[in-house]
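Asker: Protein chains in written order, with my numbering: chain A, 1305 to 1414; chain B, 146 to 428.
Virtual Cβ for every residue (Gly too), placed ideally from N, Cα, C.
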């Protein structure tokens, strides 16, 4: 419940304050969000399976976002940035799909 | 070795290692699907640690994710109208430029009419003026200052079908220059390319990918109209060097090249021809 409230508070905060992202970080924001979604759905699944640990969640979120951004950054430097971000999105997308399917099974048992 | 496994053994090699899984090459994807959850969750749960009290970091991360969502959404929705308005502004500027061009063209036509009127009134009525006027009327169709109608021939040329692969298969400015010169040589009295009348001051050039006539770019196919004697013009053109040049381009490079005669062609005046120099004659 607390993370959900925090999430909503964060969305409200972002909409109200409208912080501007530095130009240099802007290309990594979408990738960071996909990584965050992966961590989020993974946490939800772990919660439903009764194995949730907030420390693991925090660590996995931070490392996911940093690694995803770092992969895209390195790709940008060597000229394959868009391909590598596609790779990141594909891998994280598969994980999100699988986790959401597990969440659905856990919630409605179908 | 035993009869039951006989189907799986190869003669001379009784010990066959188990076959490689058919989807071994997809192992990476399989691994992602099989292990979508951070293994640490299971690890920590197995260790049976008490629930850590790290609520602060959890809330912080949740707030952070929320802010990221909001900011990204805001940025995407905010930049969309900006791009749209930029595009609209560019279109507006193009349209304004075209309008200004049209106005200037109308103004230029008005001024030409006025020059004609002033010239007529300045010439007066004496014998010399009549002779001058006759000369003007004889020369202006040839020079290109007035619109002309009459019979003639039409040549339509185009790039070769496979032009995208080889630049030499495209119609170049020099090809059109040769074509126009050949038509003059064959006795054409007035020539126009895609509706742009050629005069002695017309430049046929390439600019980027397009060919320009008097700095207005053409789009293919190129339709060259020439007013002249429609019975002799095609044959005389075919006899010129330009005719041979284009015949070869059509035969060897598959460029479009079609000639036909026309009963009545209408060629507009060249708007680029203006009065550049005027001198008052001694009375």
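(1) Going by DSSP, what residues sit across from residue 367 of chain B in a beta bridge?
(2) So which residues on chain A does residue 367 of chain B lean against when the C-beta distance must stay under 7 angstroms?
(3) For chain D, is any of its Cβ atoms less than 8 angstroms away from the one on residue 186 of chain B?
(4) Would residue 1328 of chain A count as contacting chain B if we go by Cβ distances under 8 angstroms?
(5) Do the stretch 279 to 293 of chain B and the stretch 407 to 416 of chain B make contact, defined as three or more Cβ pairs closer than 8 angstroms?
(6) Taking DSSP as the reference, what is the three-state secondary structure of residue 362 of chain B?
(7) From which residue to which residue does the alpha helix (DSSP H) around residue 401 of chain B run?
(8) I'd like to confirm the pairing. Which residues does DSSP put opposite residue 342 of chain B in its beta bridges?
(9) Can you tell me where the alpha helix (DSSP H) holding residue 224 of chain B begins and where it ends?
(10) Does the Cβ of residue 1350 of chain A have 16 or more other Cβ atoms within 10 Å, making it buried, or fewer, making it exposed?
(11) Please list the terminal residues of the continuous beta strand (DSSP E) segment that includes residue 313 of chain B.
(12) Would you say residue 420 of chain B reaches chain A, if we count a Cβ-Cβ gap shorter than 8 angstroms as a contact?
(13) Beta carbons nearer than 7 angstroms to chain A: which residues of the stretch 226 to 253 of chain B have them?
(14) Among all the DSSP beta bridges, which residues are the ones paired with residue 293 of chain B?
(15) Can you pull the chain B residues whose beta carbon is under 9 angstroms from the beta carbon of residue 1371 of chain A, in chain order?
(16) Check the Cβ-Cβ distances between residue 159 of chain B and every residue of chain A, and say whether any is below 8 angstroms.
(17) Hey, is the stretch 311 to 322 of chain B in contact with the stretch 348 to 364 of chain B, meaning 3+ C-beta pairs nearer than 8 angstroms?
(18) Helix or strand or just coil, what does DSSP make of residue 278 of chain B?
(19) For residue 381 of chain B, count the other beta carbons within 10 Å of its own beta carbon; 16 or more makes it buried, fewer makes it exposed. Which is it?
(20) Residue 1386 of chain A by DSSP, collapsed to three states: which one?
(21) Using the C-alpha atoms, what's the distance from residue 191 of chain B back to residue 1338 of chain A?
(22) Taking a Cβ distance cut-off of 9 angstroms, strictly less, list which residues of the stretch 1344 to 1366 of chain A are near chain B, in chain order.
(23) Nearer than 7 angstroms: is that true of the beta carbon of residue 219 of chain B relative to any heavy atom of the ligand NAP?
(24) In three-state DSSP terms, what is residue 348 of chain B?
(25) Given this structure, state the Cα-to-Cα distance separating residue 1404 of chain A from residue 217 of chain B, to the nearest angstrom.
(26) Contact check, residue 339 of chain B vs residue 363 of chain B under 8 angstroms by CB: the rounded distance?
(27) Is it right to say residue 1389 of chain A is buried, meaning 16 or more other beta carbons lie within 10 angstroms of its own, or is it exposed?
(28) For residue 384 of chain B, count the other beta carbons within 10 Å of its own beta carbon; 16 or more makes it buried, fewer makes it exposed. Which is it?
(29) Spatial neighbours of residue 418 of chain B within its chain, please: CB distance less than 8 angstroms, with the 5 preceding and 5 following residues excluded, ordered by chain position.
(30) I want to verify the contact list: residues of chain A whose CB lies under 7 angstroms from the CB of residue 183 of chain B, in sequence order.
(31) For the alpha helix (DSSP H) containing residue 382 of chain B, list its first residue and its last residue.
(32) Given 8 angstroms as the limit, is there contact between the stretch 227 to 237 of chain B and the stretch 1377 to 1396 of chain A, that is, 3 or more CB pairs closer than that?
(33) Count the other C-beta atoms from every protein chain shown that fall within 10 angstroms of the C-beta of residue 305 of chain B, then say buried if there are 16 or more, exposed otherwise.
(34) Give every residue of the same chain whose Cβ lies closer than 8 angstroms to the Cβ of residue 253 of chain B, excluding the five residues on either side of it in the sequence, and list them in chain order.
(35) Using the rule of at least 16 other Cβ atoms within 10 Å of the residue's Cβ for burial, across every protein chain shown, is residue 335 of chain B buried or exposed?
(36) Return no unless some Cβ of chain B is closer than 8 angstroms to the Cβ of residue 1337 of chain A.
Answerer: Looking at the coordinates:
(1) Here residue 367 of chain B is taken as the residue at index 222 of the second chain, counted from 1. The partner list for residue 367 of chain B (beta bridge, DSSP) reads B/302.
(2) Mapped onto the second chain, residue 367 of chain B falls at position 222. Near residue 367 of chain B there are no residues of chain A at all, since even the closest Cβ is about 40 angstroms away, more than 7 angstroms.
(3) The chain inventory of the structure shown lacks chain D, comprising the protein chains A and B.
(4) For this step, residue 1328 of chain A is matched to residue 24 along the first chain. By this cut-off, residue 1328 of chain A is not an interface position.
(5) yes
(6) Here residue 362 of chain B refers to the residue found at position 217 of the second chain. In this structure, residue 362 of chain B counts as strand in the three-state DSSP scheme.
(7) Along the second chain, one-based indexing puts residue 401 of chain B at 256. That residue, residue 401 of chain B, is in no alpha helix (DSSP H); its beta strand (DSSP E) goes 401 to 412.
(8) Residue numbering aside, residue 342 of chain B sits at position 197 when the second chain is read from its first letter. Paired residue(s): B/337.
(9) Along the second chain, one-based indexing puts residue 224 of chain B at 79. Run containing residue 224 of chain B: 200 to 268, per the alpha helix (DSSP H) assignment.
(10) Taking the first residue of the first chain as 1, we reach residue 1350 of chain A at position 46. Sixteen is the threshold: when 16 or more other Cβ atoms of the shown chains lie within 10 Å of the Cβ of residue 1350 of chain A, as they do, the residue is buried.
(11) Against the second chain, residue 313 of chain B aligns to sequence position 168. Careful: residue 313 of chain B lies outside any beta strand (DSSP E) and carries neither H nor E.
(12) In the second chain, the residue the question calls residue 420 of chain B occupies position 275. It does not: the Cβ of residue 420 of chain B has no partner Cβ on chain A nearer than 8 angstroms.
(13) none
(14) Residue 293 of chain B sits at position 148 when you count from the first residue of the second chain. Bridge partners of residue 293 of chain B: B/412.
(15) In the first chain, the residue the question calls residue 1371 of chain A occupies position 67. Correct list: empty, because the minimum Cβ distance to chain B is about 12 angstroms.
(16) The residue given as residue 159 of chain B occupies position 14 in the second chain. Note that residue 159 of chain B scores 49 on pLDDT, short of 50, meaning its location in the model is unreliable and no value can be drawn from it.
(17) yes
(18) Counting from 1 along the second chain, the entry for residue 278 of chain B is found at position 133. Looking at residue 278 of chain B - three-state DSSP - the assignment turns out to be helix.
(19) Numbered from its first residue, the second chain carries residue 381 of chain B at position 236. It is buried - the Cβ of residue 381 of chain B has at least 16 other Cβ atoms within 10 Å.
(20) One-based indexing of the first chain puts residue 1386 of chain A at position 82. Correct three-state label for residue 1386 of chain A: helix.
(21) Here the question's residue 1338 of chain A lines up with position 34 in the first chain. Here the question's residue 191 of chain B lines up with position 46 in the second chain. If you take the alpha carbons of residue 1338 of chain A and residue 191 of chain B, they lie about 28 angstroms apart.
(22) 1344, 1345, 1346, 1347, 1349, 1350, 1353, 1354, 1355, 1356, 1357, 1358, 1359, 1360, 1361, 1362, 1363, 1364, 1365 and 1366
(23) No copy of the ligand NAP occurs in the structure displayed, which carries no ligand at all.
(24) On the second chain, residue 348 of chain B is found 203 positions in, with the first residue counted as 1. Coil at residue 348 of chain B, not helix or strand.
(25) Residue mapping note: residue 1404 of chain A aligns to position 100 of the first chain, counting from 1. Residue mapping note: residue 217 of chain B aligns to position 72 of the second chain, counting from 1. Those two C-alpha atoms are separated by around 22 angstroms.
(26) The residue you call residue 339 of chain B lines up with position 194 of the second chain. The residue you call residue 363 of chain B lines up with position 218 of the second chain. The pair is a contact, with the Cβ atoms about 5 angstroms apart (cut-off 8 angstroms).
(27) For this step, residue 1389 of chain A is matched to residue 85 along the first chain. Per the 10 Å Cβ criterion, buried.
(28) The count along the second chain starts at 1 and reaches residue 384 of chain B at position 239. Label assigned to residue 384 of chain B: exposed.
(29) As a first step, residue 418 of chain B is located in the second chain; it is residue number 273 there, counting from the start. So the qualifying residues of the chain are 288, 289, 290, 344 and 346.
(30) Counted from its first residue, the second chain places residue 183 of chain B at position 38. Ordered by position in chain A, the residues that pass the 7 angstroms Cβ test against residue 183 of chain B are 1346, 1360 and 1364.
(31) Residue mapping note: residue 382 of chain B aligns to position 237 of the second chain, counting from 1. Where residue 382 of chain B is concerned, the enclosing alpha helix (DSSP H) stretches over 378 to 384.
(32) no
(33) Your numbering for residue 305 of chain B matches position 160 in the second chain. For residue 305 of chain B, the number of other beta carbons within 10 angstroms of its own is at least 16, and it is reported as buried.
(34) Your numbering for residue 253 of chain B matches position 108 in the second chain. Closer than 8 angstroms at the Cβ level, and outside the excluded window around residue 253 of chain B, lie 416 and 419.
(35) Mapped onto the second chain, residue 335 of chain B falls at position 190. When all chains shown are included, residue 335 of chain B counts as buried.
(36) Residue numbering aside, residue 1337 of chain A sits at position 33 when the first chain is read from its first letter. Yes, its Cβ sits closer than 8 angstroms to a Cβ of chain B.
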